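*Asks:* Before anything else, here's the structure in question.
Residue numbers (the working numbering), protein chains in the order written: chain F, 21 to 292; chain B, 10 to 298.
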């Protein structure tokens, strides 16, 4: 009895910790504030004066032309690049390096999919912050991995090599890794690139679920047609910040023009 | 023909000699360590870098010999010196000019290699030069064996100890860093292990062929298995078995030892490339049908 109570408590704690089913209740503790961020890459300014604030439970699209600094911003939030100046405040604390509460999901094209590892093996990587170098893989670790696999509908694929996955499945494996990591914030680099229509719809559904459960999703996104359907908020970039706000309010023709200049993709003509 | 054969001691007579037994033992240790580490080189996709590094060992050794003379430790000391020189030098060059690190490394190692050749020739170390270029596993002394043993032990233990963070680092360094894996530390640790193992393969096959022993074994296993763990273990076993087999073959055939060691690895690889049930040439055809 006592033991099951303890387990129950541990369970609840896990819920709170991972935003897993946490909903909006605790969103106000889970604020991400970026103020006046400036970043250089090889002595070239990649980002200037980026400032925005958001919280768990939202999904944000980073939109802008190639080289606008979308990937740089994601890497900066993941703690992979040190900014020249400015602050990133996560849950009231200044972020100076990577945090296990923030998961980074690289572009699928940047990953060696021939790497000899199974779906489960990749998802288990997410337990590293908890396990460290040598700690034994525990029942709790196993539970978290399993939940992540179930949530991303990967149980049947768990023993499959990652090379034998479709693009949509690959993206789900990355998401499952982030869930196993118990991350609050998911930073995704071009998750929609190269996905067919059905996979895009599945992914959009998963994004909605993940944010409803209380996670914060920030993704670079190049398909301007689908921004409004998928994301709550938009941050438009062109090295500097064009605009940040609720998609419905700020995703306007004038702002898209400002971000893309004369190079607005032709598919959008007549949309606004 | 028969007379020729009888004038050379038979293989079993040869193996009874301490020199041959030492060489066999060295084949096992050096082959295993190189094969084991080759899994890292293949998974991290750094074969080219290792090739560069192996050639840059020669000038390092030459410099150490120039300063301190030939000792048991000149290989090790020279190699560490060379690795630091090329490793740090290329970073410095690329940071202070518009060249990238690969270009910088290319310039540094060829210039260094050439300078090393000149120094060693001027020092009248023709025979030593041959040994460092093409290996000298038959002439190994007890100290050399102990050094090889120490190197193998350190390399295998280091990689086994680091296996969990290492796996993530080899898969994707950015993901690793975001998970809190100490990427820079792993960078240095694995660089050190590769240098150490290169030193041992220098003894077995020389600096020109060392890359063969430090890439091919795991590349062969890569065509057979889907588990990173087996890449390491299998690479080690193939490295050791192949080297022993090569040593036993080269004697009756009269081949060069280093040549035989690397050719046997090449044959292993070709066999897997053609016949691997999953990733071989024939397997591919089945999939296409």
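Yeah, the Cβ is synthetic: ideal placement off N, Cα and C, and Gly gets one too. Bear in mind that the values here come from a model prediction, so they are computed numbers and not experimental data.
Is the CB-CB distance between residue 220 of chain B and residue 59 of chain B below 7 Å?
*Replies:* For the purposes of this step, residue 220 of chain B is taken as the residue at position 211 of the second chain. For the purposes of this step, residue 59 of chain B is taken as the residue at position 50 of the second chain. It is a contact, given that the beta carbons lie within the stated cut-off.
*Asks:* Based on the DSSP output, what are the partners of residue 51 of chain F in its beta bridges?
*Replies:* Your numbering for residue 51 of chain F matches position 31 in the first chain. Residue 51 of chain F pairs with F/75.
*Asks:* Excluding the 5 residues flanking residue 104 of chain F on each side, which residues of the same chain have their C-beta closer than 7 Å to its C-beta?
*Replies:* For the purposes of this step, residue 104 of chain F is taken as the residue at position 84 of the first chain. Once the five neighbours on either side are set aside, the close Cβ partners of residue 104 of chain F are 58, 59, 60.
*Asks:* Out of F/102, F/272, F/135, which one is the CA nearest neighbour of residue 179 of chain B?
*Replies:* Numbered from 1 along the second chain, position 170 holds the residue referred to as residue 179 of chain B. Of the listed residues, the one whose Cα sits closest to residue 179 of chain B is F/135.
*Asks:* Mind checking which residues open and close the beta strand (DSSP E) that includes residue 106 of chain F?
*Replies:* The count along the first chain starts at 1 and reaches residue 106 of chain F at position 86. That run of the beta strand (DSSP E) goes 105 to 110.
*Asks:* Quick one: list the residues of chain B neighbouring residue 181 of chain F, beta-carbon separation under 9 Å, in chain order.
*Replies:* By one-based count along the first chain, residue 181 of chain F stands at place 161. By Cβ distance, chain B contributes 235.
*Asks:* Less than 7 Å between C-beta atoms, sequence neighbours within five positions excluded: which residues of the same chain meet that for residue 262 of chain F?
*Replies:* For the purposes of this step, residue 262 of chain F is identified with residue 242 of the first chain, where counting begins at 1. Correct list, in chain order: 256, 275, 278, 279.
*Asks:* Suppose contacts are defined by Cβ-Cβ distances below 7 Å. Is residue 80 of chain F in contact with residue 253 of chain F by that definition?
*Replies:* The sequence position of residue 80 of chain F within the first chain is 60, counting from 1. The sequence position of residue 253 of chain F within the first chain is 233, counting from 1. In this structure, residue 253 of chain F lies closer than 7 Å to residue 80 of chain F by Cβ.
*Asks:* Are the region 185 to 205 of chain F and the region 235 to 246 of chain F in contact at 8 Å, needing three or more beta carbon pairs?
*Replies:* Short answer: they touch.
*Asks:* Closer than 7 Å, CB to CB, is residue 107 of chain B near chain F or not?
*Replies:* Here residue 107 of chain B is taken as the residue at index 98 of the second chain, counted from 1. So, not an interface residue.
*Asks:* Going by alpha carbons, who is nearest to residue 49 of chain B out of B/238, B/211, B/258?
*Replies:* As a position in the second chain, residue 49 of chain B is number 40, starting the count at 1. Selected option, being the one with the closest Cα: B/238.
*Asks:* Give me, in chain order, the residues of the same chain whose beta-carbon lies closer than 6 Å to that of residue 36 of chain B; leave out the 5 immediate sequence neighbours on both sides.
*Replies:* Locating residue 36 of chain B in the second chain gives position 27, counting from the first residue. So the list reads 252, 253, 256, once near-sequence residues are dropped.
*Asks:* Looking at chain B, is there any beta carbon in it that lies within less than 7 Å of the beta carbon of residue 118 of chain F?
*Replies:* The residue given as residue 118 of chain F occupies position 98 in the first chain. Interface residue, yes.
*Asks:* Are the CB atoms of residue 117 of chain B and residue 164 of chain B nearer to each other than 7 Å?
*Replies:* In the second chain, residue 117 of chain B corresponds to position 108, counting from 1. In the second chain, residue 164 of chain B corresponds to position 155, counting from 1. No, the pair does not count as a contact, with Cβ atoms beyond the cut-off.
*Asks:* Determine the direct distance from the alpha carbon of residue 267 of chain F to that of residue 106 of chain F, and round the result to whole angstroms.
*Replies:* One-based indexing of the first chain puts residue 106 of chain F at position 86. One-based indexing of the first chain puts residue 267 of chain F at position 247. Each residue's Cα considered, the two are about 25 Å apart.
*Asks:* Spatial neighbours of residue 91 of chain F within its chain, please: C-beta separation below 7 Å, excluding the five flanking residues on both sides.
*Replies:* Within the first chain, residue 91 of chain F is the residue found at index 71, counting from 1. Hits under 7 Å: 209, 240.
*Asks:* Applying a beta-carbon distance threshold of less than 8 Å, which residues of chain B neighbour residue 133 of chain F?
*Replies:* Position 113 of the first chain, counted from the start, is the residue given in the question as residue 133 of chain F. The contacting residues do not exist; residue 133 of chain F stays about 10 Å from chain B at best.
*Asks:* Using a Cβ-Cβ cut-off of 7 Å (strictly less than) and excluding sequence neighbours within five positions of residue 171 of chain B, which residues of its own chain qualify?
*Replies:* Here residue 171 of chain B is taken as the residue at index 162 of the second chain, counted from 1. Excluding residues within five positions, the ones whose Cβ falls inside 7 Å are 195, 198.
*Asks:* State buried or exposed for residue 95 of chain F, treating a residue as buried only when at least 16 other CB atoms are found within 10 Å of its CB.
*Replies:* Taking the first residue of the first chain as 1, we reach residue 95 of chain F at position 75. Its Cβ being crowded by 16 or more others within 10 Å, residue 95 of chain F is buried.
*Asks:* Between residue 174 of chain B and chain F, is the shortest Cβ-Cβ distance under 7 Å, so that the two count as touching?
*Replies:* In the second chain, residue 174 of chain B corresponds to position 165, counting from 1. Closer than 7 Å: yes.
*Asks:* Please state the DSSP three-state secondary structure of residue 109 of chain B.
*Replies:* Your numbering for residue 109 of chain B matches position 100 in the second chain. DSSP places residue 109 of chain B in coil when its eight states are reduced to three.
*Asks:* For residue 159 of chain F and residue 145 of chain F, what's the separation of their Cα atoms in angstroms?
*Replies:* Within the first chain, residue 159 of chain F is the residue found at index 139, counting from 1. Within the first chain, residue 145 of chain F is the residue found at index 125, counting from 1. So the two alpha carbons sit approximately 15 Å from each other.
*Asks:* Residues in its own chain within less than 6 Å of residue 129 of chain B by CB, not counting five upstream and five downstream?
*Replies:* Here residue 129 of chain B is taken as the residue at index 120 of the second chain, counted from 1. The answer, listed in chain order, is 71, 138.
*Asks:* Check whether the region 176 to 195 of chain F and the region 216 to 227 of chain F touch, using three or more Cβ-Cβ pairs below 8 Å as the test.
*Replies:* Because the criterion of three Cβ pairs below 8 Å is met, the region 176 to 195 of chain F and the region 216 to 227 of chain F touch.
*Asks:* Assuming residue 66 of chain F and residue 89 of chain F form a contact by the criterion Cβ under 8 Å, report the distance between their Cβ atoms to the nearest whole angstrom.
*Replies:* One-based indexing of the first chain puts residue 66 of chain F at position 46. One-based indexing of the first chain puts residue 89 of chain F at position 69. That belief holds up - the Cβ atoms of residue 66 of chain F and residue 89 of chain F are roughly 5 Å apart, short of 8 Å.
*Asks:* Note down, in chain order, each residue of its chain lying with its Cβ closer than 8 Å to the Cβ of residue 98 of chain B, except the 5 sequence neighbours on either side.
*Replies:* Numbered from its first residue, the second chain carries residue 98 of chain B at position 89. Excluding positions up to five away in sequence, the list reads 113, 117.
*Asks:* Run through the DSSP bridge pairs and tell me what residue 256 of chain F is partnered with.
*Replies:* Locating residue 256 of chain F in the first chain gives position 236, counting from the first residue. Its beta-bridge partners are F/83, F/263.
*Asks:* Please return the same chain residues whose Cβ sits closer than 7 Å to the Cβ of residue 236 of chain B, not counting the five positions on each side in sequence.
*Replies:* Working through the second chain from its first residue, we reach residue 236 of chain B at position 227. So no residue of the chain qualifies.
*Asks:* Keeping to the same chain, check which residues put their C-beta closer than 7 Å to that of residue 96 of chain B; ignore five residues upstream and five downstream.
*Replies:* The residue labelled residue 96 of chain B in the question sits at position 87 within the second chain. Excluding positions up to five away in sequence, the list reads 200.
*Asks:* According to DSSP, what are the bridge partners of residue 123 of chain F?
*Replies:* Counting from 1 along the first chain, the entry for residue 123 of chain F is found at position 103. Bridge partners of residue 123 of chain F: F/206.
*Asks:* What does the Cβ neighbour count give for residue 181 of chain B, buried or exposed, with the cut at 16 atoms within 10 Å?
*Replies:* Translated into the one-based positions of the second chain, residue 181 of chain B becomes position 172. Answer is buried; the Cβ neighbour count reaches 16.
*Asks:* Taking DSSP as the reference, what is the three-state secondary structure of residue 22 of chain B?
*Replies:* The sequence position of residue 22 of chain B within the second chain is 13, counting from 1. The answer is helix: DSSP assigns residue 22 of chain B an H, G or I state.
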